[in-house]
Amino acid sequence: MIEMKRTTIAWIFRAGAGVCVIASVLFFLGMIPLPLCAALLVVAFPVTILSLFFVWMAGESGGDIPFIGY
Numbered sequence: 221m222i223e224m225k226r227t228t229i230a231w232i233f234r235a236g237a238g239v240c241v242i243a244s245v246l247f248f249l250g251m252i253p254l255p256l257c258a259a260l261l262v263v264a265f266p267v268t269i270l271s272l273f274f275v276w277m278a279g280e281s282g283g284d285i286p287f288i289g290y
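Our numbering puts the first residue of the sequence shown at 221, with every later residue one more than the last.
As structure tokens, this is what we get:
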């Protein structure tokens, strides 16, 4: 099983947040259609939120990431 480190989860958060921001900006600039923006947000937003919870709850010590009740 792969051990998830806090830094790895932080990178997942940054990637998800980046996708959300970029998709929103591209939509507001008229460069991508609404369905594509919505599809990107539907995939990226839950990943962003869950990884944010994991970063907050994961301790610096090793071990498992705590259950957040999702």
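All residues carry an ideal CB built from backbone N, CA and C; glycine is no exception.
Beta-carbon gap between Ala259 and Ala237 smaller than 9 Å: Numbered from 1 along the sequence shown, position 39 holds the residue referred to as residue 259. Numbered from 1 along the sequence shown, position 17 holds the residue referred to as residue 237. Cβ distance not < 9 Å, so Ala259 and Ala237 don't count as in contact.
Close Cβ partners of Pro253 (< 7 Å) along its chain, the five nearest in sequence each way excluded: For the purposes of this step, residue 253 is taken as the residue at position 33 of the sequence shown. The answer is none, since no qualifying residue turns up.
Where Ile229 sits in the DSSP three-state scheme: The residue given as residue 229 occupies position 9 in the sequence shown. Of the three classes helix, strand and coil, the one that applies to Ile229 here is helix, per DSSP.
C-alpha distance - Gly250 paired with Met277, whole-angstrom precision: In the sequence shown, counting from the first residue as 1, residue 250 sits at position 30. In the sequence shown, counting from the first residue as 1, residue 277 sits at position 57. Their Cα atoms are separated by approximately 38 Å.
C-alpha distance - Met221 paired with Val262, whole-angstrom precision: Taking the sequence shown and counting its residues from 1, one reaches residue 221 at position 1. Taking the sequence shown and counting its residues from 1, one reaches residue 262 at position 42. Low per-residue confidence applies at Met221: pLDDT is 43, beneath 50, and the placement is therefore not dependable, though the value from the model is reported in the following sentence. Rounded to the nearest angstrom, the two C-alpha atoms are 27 Å apart.
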